[in-house]
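Oh and the sequence shown: position 60 is 60 in our numbering, straight run, nothing missing. C-beta atoms are modelled at their ideal positions from N, C-alpha and C, and glycine is treated no differently. Structure, as structure tokens:
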Amino acid sequence: MNDGVPALIVHGGAGSISDPEGHRAGVRRAVDAGFAVLDDGGSALNAVLAAVRVLEDDPVFNAGTGSCLTLQGEVEMDAAVARGDGGFGAVTCVRGVRHPVDLARAVMERTDHLILAGEGAVQLARRLGFPPYNPVTEERLAQWRRALEAAERGEGRFSRRGGWYSTVGAAARDASGAVAAATSTGGIVLKLPGRVGDTPVPGAGTHAGVHGAASATGHGEGILRLALTRGVVEAMESLSAQEACRMAVDRARAAGVEAGVIGVDLQGRVGFAFNTPSMAWAYRVAGEAAVAHAGGPQGVEPAARF
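And the structure:
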């Protein structure tokens with residue numbers, strides 16, 4: 001039964017935003033790009049990919065171009081895509097790719113695997129014609145140097161949680177009723193090489209199922225332990241997307257985990273929640289204007305609008 005409407009929601013990470021206008025503009029561009037796909041009759045999967053590509057190309061966010069650096073001063077990126085019919089693909093610790101989210105889709109559609117890591121993922125990218133690409137920016141190099149110097153002075157731990165988790169993600173419902181989610185990240189600054197966060201793990205940072213789709217941001221290890229997005233999607237069996245997101249973040253708060261999550265249910269209702277000082281998000285539902293924000297809680301929750 002298809003009694004819902006097309007909808008798309010995106011996030012640009014949870015934490016403390018130092019450039020709210022840049023983040024708000026970025027998520028607005030992403031939601032516009034993704035919803036244009038839905039408006040043209042495209043699939044939920046293509047819509048979330050279009051949205052996340054925009055965010056991966058925006059150096060404001062920690063995904064694709066502008067990803068943060070590992071302890072060794074290199075970029076290792078994670079990305080995942082999920083469909084409501086159970087399709088899933090992900091890459092982790094991948095280097096030299098402009099759009100890791102597209103490589104995650106290739107894992108889902110062109111291999112028998114769920115997740116490819118490191119050099120194996122890079123080899124697949126080259127075989128499929130993904131050109132070499134350097135995602136490092138001067139801003140991230142400067143951030144890495146400052147963080148390394150602070151750690152060497154004993155002012156912090158390597159790969160410590162806290163701060164800004166500018167993972168990006170999207171969740172969508174298309175005109176046919178299909179749902180999908182996508183997430184992409186550079187991880188955390190000074191992470192140990194080879195670290196795998198929540199993003200590429202099904203049910204942790206990215207999930208889609210028979211009741212909806214969700215994407216998470218925040219402290220990856222904590223989100224992994226909670227299987228946060230699986231909980232969101234399963235809760236949508238009886239709750240709206242907004243109620244499911246709020247419940248998941250309340251659970252994260254009780255566990256001492258910093259997190260944010262977005263979701264969409266089968267009716268095309270969108271939801272978001274976060275327990276950090278702020279989060280960048282934007283959404284659009286068919287027949288309505290887009291809404292975008294970067295900062296603390298603002299305005300009426302989406303659930304109140306249906």
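Go ahead and pull the three-state DSSP assignment for C93.
In the sequence shown, residue 93 corresponds to position 93, counting from 1. Reduced to three states, the DSSP call for C93 is strand.
In the DSSP assignment, find the unbroken beta strand (DSSP E) run with T183 in it and report its ends.
Against the sequence shown, residue 183 aligns to sequence position 183. It spans 179-185 - the beta strand (DSSP E) in which T183 sits, taken as one unbroken run.
Who pairs with H207 in a beta bridge, going by DSSP?
The residue given as residue 207 occupies position 207 in the sequence shown. A214, per the DSSP bridge assignment.
How do the segment 134-143 and the segment 12-26 stand: do at least 3 beta-carbon pairs fall below 8 Å, yes or no?
Result no; under three Cβ-Cβ pairs closer than 8 Å.
Assess contact between the segment 116-132 and the segment 214-222, defined as three or more Cβ pairs (one per stretch) separated by less than 8 Å. Is contact present?
No, the segment 116-132 does not touch the segment 214-222.
Just the C-alpha distance for G313 and M108, rounded to the nearest angstrom, thanks.
Look at the range of the chain in this structure, 1 to 306, and you will see that residue 313 is not part of it.
Does the distance between the C-beta of G154 and the nearest non-hydrogen atom of the ligand NAD fall short of 6 Å?
For the ligand NAD, the structure offers nothing, since it holds no ligand at all.
Please return the same chain residues whose Cβ sits closer than 6 Å to the Cβ of R160, not counting the five positions on each side in sequence.
In the sequence shown, counting from the first residue as 1, residue 160 sits at position 160. The predicted position of R160 is uncertain, since its pLDDT is 44 and thus under 50; a value taken from the coordinates is nonetheless stated next. Cβ within range, chain order: n/a, list empty.
What residues match up with P202 in a beta bridge as DSSP calls it?
Taking the sequence shown and counting its residues from 1, the one referred to as residue 202 is at position 202. Paired residue(s): T206.
Does the separation of the CB atoms of A282 and V52 fall below 7 Å?
Against the sequence shown, residue 282 aligns to sequence position 282. Against the sequence shown, residue 52 aligns to sequence position 52. Contact flag unset, no.
Determine the burial state of D78: buried for a count of at least 16 other Cβ atoms within 10 Å of its Cβ, exposed for fewer.
Along the sequence shown, one-based indexing puts residue 78 at 78. Classification for D78: buried.
Quick check on S16: buried or exposed, where buried means 16 or more other Cβ atoms within 10 Å of its Cβ?
Taking the sequence shown and counting its residues from 1, one reaches residue 16 at position 16. Under this definition S16 is an exposed residue.
Output the distance between the C-alpha atoms of G154 and A290, rounded to the nearest integer angstrom.
For the purposes of this step, residue 154 is taken as the residue at position 154 of the sequence shown. For the purposes of this step, residue 290 is taken as the residue at position 290 of the sequence shown. Cα to Cα, G154 sits roughly 45 Å from A290.
By the three-class DSSP mapping on this structure, what secondary structure does L55 have?
Residue mapping note: residue 55 aligns to position 55 of the sequence shown, counting from 1. Helix.
Let me know the secondary structure DSSP gives H314 once reduced to three states.
This structure cannot settle anything about residue 314, because the visible part of the chain is limited to 1 through 306.
Enumerated in chain order, which unbroken segments of the alpha helix (DSSP H) with a length of 4 residues or greater are wholly contained in the segment 224-265?
Qualifying alpha helix (DSSP H) stretches, in chain order: 228-235, 241-254.
Compute the beta-carbon to beta-carbon distance between D102 and L49, rounded to the nearest angstrom, for a pair I have assumed lies under 8 Å.
The sequence position of residue 102 within the sequence shown is 102, counting from 1. The sequence position of residue 49 within the sequence shown is 49, counting from 1. Yes, D102 and L49 are in contact; Cβ-Cβ is about 7 Å, under 8 Å.
I need the boundaries of the alpha helix (DSSP H) containing R105, first residue and last residue.
Residue mapping note: residue 105 aligns to position 105 of the sequence shown, counting from 1. 100-110 is the extent of the alpha helix (DSSP H) around R105.
Are the beta-carbon atoms belonging to V270 and A241 less than 7 Å from one another?
Taking the sequence shown and counting its residues from 1, one reaches residue 270 at position 270. Taking the sequence shown and counting its residues from 1, one reaches residue 241 at position 241. The answer is yes: Cβ separation under 7 Å.
Among V179, G222, V81, which residue has its Cα nearest to the Cα of D198?
As a first step, residue 198 must be located in the sequence shown, where it is residue number 198. Ranking V179, G222, V81 by Cα distance to D198 puts G222 first.
Is the beta carbon of A182 closer than 7 Å to that of V81?
Looking up residue 81 in the sequence shown gives position 81. Looking up residue 182 in the sequence shown gives position 182. Cβ atoms of V81 and A182: closer than 7 Å.
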